[in-house]
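Note sheet for the following structure.
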Amino acid sequence: MNLSKLHWGILSTGSIARRFAASLKKSSTGSLTAVASRTEEQAKDFAREFDATHAHGDYASLIANPEVEAVYIAPPHPMHKEWAIRCAEAGKNILCEKPAGMNQSELEEMLASAKANGVFFMEAFMYRCHPQTRLLRETLSRDDIGAIRMIHATFSYPAPTYNPEERRYARELGGGSILDVGCYGVSMSRLIAGEIIGKRFSDPIEVKGFARLEPREKTDLTAAALLRFDGDLIAMVQSGIALKGENLVRIEGEKGTITVGCPWAVRHGESFVQTTNHVTGETRIQQTTHPEEDLYAYEIDEVGRAVAAGEKESPEMCWDDSRGNAAALDAWLAEVGVTY
Ligand SMILES: NC(=O)c1ccc[n+]([C@@H]2O[C@H](COP(=O)([O-])OP(=O)(O)OC[C@H]3O[C@@H](n4cnc5c(N)ncnc54)[C@H](OP(=O)(O)O)[C@@H]3O)[C@@H](O)[C@H]2O)c1
């Protein structure tokens, strides 16, 4: 057992759980102690592949494991609330996949439990912990492009094969693009709207939305939202799980534009922050990535840092930030008539 590192347990052996386990090896502060799956065989295979000390055939056993100090919650969204609360009650620190709850009301229950039990909690928006997002915040805090009027934030990808039983489509598993990837554009728009008034985030005062629904499950396949912030700053957010879209953030000011390429799954060679001043004609492209880096290791190390410092929330994605995001997603879903 490595005593200097935060001992992680992972709930589920799905695709992001695998990615997270690989990233743990590259983090400076974390080590993989345990994994849990609904089936013991899967847990054992996963533990063997990623060198976890313990493999649990059910989630409750991992939570009861005294060696586990922090839990990464990675089953589909509708299971997040129950397991976050059970982790909090067992005194485990929590990194919970996005969206943390199915709605703000669920999130409030999770946060209340984290607070009552004195544990760390963060919603896993990994891009928030990458240096590129820090660079964007710094760029926004300067007056490089004049008064900012419009934000475009898009995240849209073609999910492998259409399957109404799969978590991205099935209503019972929290399917739909708004909760799966729309949450990123909303969180980024709120970050930008906040940063330009000297805050970490700001919440929209109005949300309008549209969507194309899956015929059987009535979950959203593609969707768009318009968010209006104080000062009539407008954000246009696009999400899709059945459409290959251009994933970027564009911020339009009276004197110029900031474009963030590949803003979510930040990748070396694809991600950048470009600032163009239309008045001076000057363009600057900045890249913060390097070939050996690991996106999720930044997030893991932020949790490691915060837990070691005795903090219960991270400034990169604090509890009120998650609350504001959940409220905006609730409003968008209500606009398009998707209910769970
Ligand atoms: N931050 C990111 O970059 C990112 C990327 C992808 C997904 N996510 C989030 O992570 C969560 C999981 O997404 P994923 O893509 O990893 O999903 P996935 O590949 O479908 O894996 C989900 C896993 O959850 C477990 N599970 C528990 N109850 C289940 C149920 N009733 N039906 C299906 N699976 C169940 C299963 O693992 P066991 O059988 O081993 O228990 C399954 O393998 C979602 O909330 C998603 O929003 C985040």
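Numbering (our numbering), first residue to last: 5 to 344.
The beta carbon of each residue, even a glycine, is placed where N, CA and C say it ideally should be.
{"Check": "Alpha helix (DSSP H) segments (min. 4 residues) lying fully within the stretch 100 to 178", "Outcome": "108 to 121 and 135 to 145"}
{"Check": "Close beta carbons around isoleucine 209, own chain, < 7 angstroms, minus the five adjacent residues each side", "Outcome": "Arg232, Phe233 and Asp234"}
{"Check": "Buried versus exposed, by CB contacts within 10 Å (16 or more), lysine 29", "Outcome": "exposed"}
{"Check": "Which of helix, strand or coil DSSP assigns to leucine 347", "Outcome": "What is shown of the chain runs 5 to 344, which leaves residue 347 out entirely."}
{"Check": "Residue range of the beta strand (DSSP E) that includes tryptophan 268", "Outcome": "Careful: tryptophan 268 lies outside any beta strand (DSSP E) and carries neither H nor E."}
{"Check": "Among Lys259, Leu140 and Ser19, the one whose alpha carbon lies nearest that of glutamate 199", "Outcome": "Leu140"}
{"Check": "Where alanine 104 falls, given that 16 or more other Cβ within 10 Å makes a residue buried", "Outcome": "buried"}
{"Check": "Beta-carbon proximity of glycine 373 to glycine 150, cut-off 8 angstroms", "Outcome": "No answer is possible for residue 373: the residues shown for the chain start at 5 and end at 344."}
{"Check": "Nearest-angstrom Cα separation, counted from aspartate 334 out to serine 187", "Outcome": "Correcting the residue identity first, residue 187 is cysteine in this sequence and not serine. Answer to the nearest angstrom: the Cα atoms are 10 angstroms apart."}
{"Check": "Straight-line gap, valine 270 to leucine 299 (C-alpha atoms, nearest Å)", "Outcome": "7 angstroms"}
{"Check": "Beta-carbon proximity of isoleucine 98 to valine 123, cut-off 8 angstroms", "Outcome": "yes"}
{"Check": "Close beta carbons around alanine 163, own chain, < 8 angstroms, minus the five adjacent residues each side", "Outcome": "Glu170, Arg172, Tyr173, Ile245 and Ala246"}
{"Check": "Proximity winner among Pro267, Glu297 and Gly260, relative to threonine 287 (alpha-carbon distances)", "Outcome": "Gly260"}
{"Check": "Cβ shell of methionine 321 (< 7 angstroms), same chain only, five flanking positions each side left out", "Outcome": "Met126, Glu127, Phe129 and Arg132"}
{"Check": "Bounding residues of the beta strand (DSSP E) (the contiguous stretch that carries tyrosine 76)", "Outcome": "74 to 77"}
{"Check": "Integer Cβ distance of serine 206 from alanine 215, believed to fall under 8 angstroms", "Outcome": "Contact doesn't hold; Cβ gap of about 24 angstroms is too wide."}
{"Check": "Histidine 81 beta carbon near ligand 1 (any heavy atom closer than 7 angstroms)", "Outcome": "yes"}
{"Check": "The alpha helix (DSSP H) enclosing alanine 59, as first and last residue numbers", "Outcome": "Note, alanine 59: premise wrong, no alpha helix (DSSP H); beta strand (DSSP E) at 58 to 60."}
{"Check": "Cβ-heavy atom distance, glutamine 46 to ligand 1, below 7 angstroms", "Outcome": "yes"}
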